[in-house]
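Note that the UniProt record's numbering numbers the sequence shown so that position 397 is 397, with each residue one more than the last. For glycine and all other residues, C-beta sits at the position ideal for the given N, C-alpha and C.
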Amino acid sequence: MKIIPNIPYDNNSYAEGQVFSALQAAEVEGADHVAFHSLALTSHAQKREGEADFVIVSTFGLFVLEVKGGKISFQDGVWSTENKHGVHRISDPFKQANGAVHAINQKIKELVKLEETRIPIGYAVAFPNVVWNKPGAEWDREMICDSTDLRQFDKWLSDLFEYWNYKRPANANLLSKEDVYAIATFLRPNFEVVQPLFDQIESVNNSSVSLTEEQYHYVDMAMDNRRVLCSGGAGTGKTFLAAEMARRFIAHGKTVLLACKSSWLRHYLMTRIKSENLVVATVNGLSAAMRRSGLDTFDVLIVDEGQDLLNNKDLNALDHVVTGGLDKGQWYFFHDANNQANVLSSVDESALDWLGTKNNPAYLRLNINCRNTSNILTSIQASLNCDLGKPTLVEGPEVTEYRGNEAVLVNHLSELLKELRYSEIDKSSITLLSSVRKRRSLLSKLAKDETVDIAELDDYKVRKYPFEGITFAEIKHFKGLESDVVILLDLPDPVSLSGDDSCSLHYVGMSRAKVKLYCFWG
Numbered sequence: 001m002k003i004i005p006n007i008p009y010d011n012n013s014y015a016e017g018q019v020f021s022a023l024q025a026a027e028v029e030g031a032d033h034v035a036f037h038s039l040a041l042t043s044h045a046q047k048r049e050g051e052a053d054f055v056i057v058s059t060f061g062l063f064v065l066e067v068k069g070g071k072i073s074f075q076d077g078v079w080s081t082e083n084k085h086g087v088h089r090i091s092d093p094f095k096q097a098n099g100a101v102h103a104i105n106q107k108i109k110e111l112v113k114l115e116e117t118r119i120p121i122g123y124a125v126a127f128p129n130v131v132w133n134k135p136g137a138e139w140d141r142e143m144i145c146d147s148t149d150l151r152q153f154d155k156w157l158s159d160l161f162e163y164w165n166y167k168r169p170a171n172a173n174l175l176s177k178e179d180v181y182a183i184a185t186f187l188r189p190n191f192e193v194v195q196p197l198f199d200q201i202e203s204v205n206n207s208s209v210s211l212t213e214e215q216y217h218y219v220d221m222a223m224d225n226r227r228v229l230c231s232g233g234a235g236t237g238k239t240f241l242a243a244e245m246a247r248r249f250i251a252h253g254k255t256v257l258l259a260c261k262s263s264w265l266r267h268y269l270m271t272r273i274k275s276e277n278l279v280v281a282t283v284n285g286l287s288a289a290m291r292r293s294g295l296d297t298f299d300v301l302i303v304d305e306g307q308d309l310l311n312n313k314d315l316n317a318l319d320h321v322v323t324g325g326l327d328k329g330q331w332y333f334f335h336d337a338n339n340q341a342n343v344l345s346s347v348d349e350s351a352l353d354w355l356g357t358k359n360n361p362a363y364l365r366l367n368i369n370c371r372n373t374s375n376i377l378t379s380i381q382a383s384l385n386c387d388l389g390k391p392t393l394v395e396g397p398e399v400t401e402y403r404g405n406e407a408v409l410v411n412h413l414s415e416l417l418k419e420l421r422y423s424e425i426d427k428s429s430i431t432l433l434s435s436v437r438k439r440r441s442l443l444s445k446l447a448k449d450e451t452v453d454i455a456e457l458d459d460y461k462v463r464k465y466p467f468e469g470i471t472f473a474e475i476k477h478f479k480g481l482e483s484d485v486v487i488l489l490d491l492p493d494p495v496s497l498s499g500d501d502s503c504s505l506h507y508v509g510m511s512r513a514k515v516k517l518y519c520f521w522g
């Protein structure tokens, strides 16, 4: 059975881990189904916020499975469990499961459009560490999975479906495959939400950004393979997915190296993911990172912005830090097949061929853009003929382009900065990107009092992202990062580029903008 996430959350419950493994291996004929682990309940009738241990969505209906580990006892209406830490009173697991399934069902009825207006529901309780033979008025034996049932879990689960199918009301029909998919799609973002790199401007998205269903599918596919080459244009969620996979492997107790080329991207990732089992390092800083970690090799290698490391020297360095090496070890390589690579280093095609042919990885291609508004995507694709995937965000404001000689552009830049300073836009969401340092850029032509509040980012300041106020950075250092508003400076007009000219800086610079893009073509 498909279970989401496909690695159990690390909540120190051995019993839940046993049930997780049983569900993951389960096969029940005649039903389409998907299970969820640790589903948060935001509309529980008795609790302000609760949690369902496992939720199963099947053509037979919606089911909640509550898990209680240890030695379970029920005396005089009181439930308790005994483990190595002693005896503890616990909530009635049947009432918990019953309340949870009704809370989820109510939310589905309010927010999900289904073919069936009434969903068959049911619940059960798992006691994986005991043999349960105690009768009770509150439960039937079919509603209990004990240690014996766990060893023949497929049969128990099939019997549970049949039990509740027999009890379902006449007006509650079995669910179609489409209904199962609709419910699963609705439930998934409730507990697998990946936070964006930075908050989007309120007009586009004032909260977190959920990965699309396709991207969830890519994470699941990648986790099912020991080696993966994953490609996608800027904004298709490569860093999101790399971070999510690192989080999952860490939860599974594995040591993870998250490697990249850019020290700026390293600093950003270090502030977003922290664990004793994780090391984030640039390829040039691997030796120091290994010494600090006290590890000789890592169980899993994840590479972000991998196009910068597609050369024999860097691949050789990575080969020595993953257990089993690149040919036998477990690794996941996220890279951009567009022109972004030439900004920091050029791609060695022989290195890419070696990585792909000798090591037999699975190939994944990301084609859904989750960063840029559709207007920004259209502008980049039209100007540079680059594939950044299909848009998923709202249309957003139009891209604004300025053309003219230096004096004209300086005047436009001065007026634009005044406009932005007096607007309600959070100033920390504004970044000026240039092909050159600040002292050589168009910005340097403005009066000093017009630029005094614009901080030039460096290796130290980038550690405090998001920043206070408007910032300036060189394009080549801003790879892997993004900003709500980008003002692009000191690049030639794309229409003037010939076939031999590199548009790598245009590609990186323009694709950093999430909501609004201003281009000053010199």
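- Non-local beta-carbon contacts of R365 in its own chain, meaning distances under 6 angstroms to residues more than five positions away in sequence, involve S231 in chain order.
- In this structure, the CA atom of D53 is about 12 angstroms from the CA atom of F94.
- Nearest C-alpha to K328 among D299, S428, K254: D299.
- In terms of Cβ geometry, A15 and D154 do not form a close pair [threshold 8 angstroms].
- Counting of Cβ neighbours within 10 angstroms places V256 among the buried residues, the total reaching 16 or more.
- Every unbroken stretch of the beta strand (DSSP E) spanning 3 or more residues and falling wholly within the UniProt domain "NERD" (14–128) is given here in chain order: 33–41, 50–58, 61–67, 71–75, 78–83, 86–90, 121–127.
- Distance from the CA atom of R118 to the CA atom of L39, rounded to whole angstroms, is 21 angstroms.
- Of the residues assessed, A407 falls on the exposed side of the cut-off, its CB having fewer than 16 other CB atoms within 10 angstroms.
- Between I183 and V64, the C-beta gap is not smaller than 8 angstroms, which leaves the two residues out of contact.
- Look at R151 here: in three-state DSSP terms it is coil, with no helix or strand label.
- Counting only residues of its own chain and dropping the five nearest sequence neighbours on each side, Q330 has a CB closer than 6 angstroms to the CB of R226, V300.
- For K516, the uninterrupted beta strand (DSSP E) segment begins and ends at 513–521.
- Annotated three-state conformation of R168 is coil, per DSSP.
- Closest in C-alpha terms to S414, from the list L384, E450, R440, L157, comes E450.
- Under the criterion of beta carbons closer than 8 angstroms, V410 and K445 qualify as touching, at roughly 5 angstroms.
- Rounded to whole angstroms, the gap between the alpha carbons of E395 and D459 is 34 angstroms.
- One alpha carbon belongs to L114, the other to N367, and they sit about 28 angstroms apart.
- Ranked by Cα distance from I302, the first of I487, Q75, F249 is F249.
- Around the beta-carbon of H506, 16 or more other beta-carbon atoms lie within 10 Å, marking it buried.
- A contact between stretches requires three or more CB pairs, one per stretch, nearer than 8 angstroms, and the stretch 126–133 fails this requirement with the stretch 170–184.
- The residue from K438, H412, L488 with its alpha-carbon nearest to that of R512 is L488.
- In this structure, G233 is the residue among L150, G233, T431 with its C-alpha nearest to the C-alpha of L377.
- Around the beta carbon of H85, fewer than 16 other beta carbons sit within 10 angstroms, so the residue counts as exposed.
- Annotation for L257: the continuous beta strand (DSSP E) segment containing it runs 256–260.
- For the stretch 257–289, the continuous alpha helix (DSSP H) assignments of 4+ residues that do not extend past its boundaries occur at 263–272, in sequence order.
- When the beta-carbon positions are compared, N369 and K390 come within less than 8 angstroms of each other.
- Going by DSSP, L229 is part of the beta strand (DSSP E) stretching over 227–232.
- If you keep only unbroken beta strand (DSSP E) runs of at least 3 residues inside the stretch 413–443, you get 430–434.
- Per the coordinates, the alpha-carbon of V452 lies some 18 angstroms from the alpha-carbon of V486.
- Taking the Cβ atoms as the reference, L187 lies roughly 18 angstroms from V67, outside the contact range of under 8 angstroms.
- Counting along the chain, Q381 sits inside the alpha helix (DSSP H) bounded by residues 374–384.
- Cβ-Cβ separation between S379 and L517: approximately 7 angstroms, consistent with a contact (criterion under 8 angstroms).
- In the DSSP assignment, I4 falls within the beta strand (DSSP E) that extends over 2–4.
- As computed with DSSP, V303 is found in a beta bridge with A259, F333.
- In this structure, DSSP gives W156 a helical state, which the three-state scheme calls helix.
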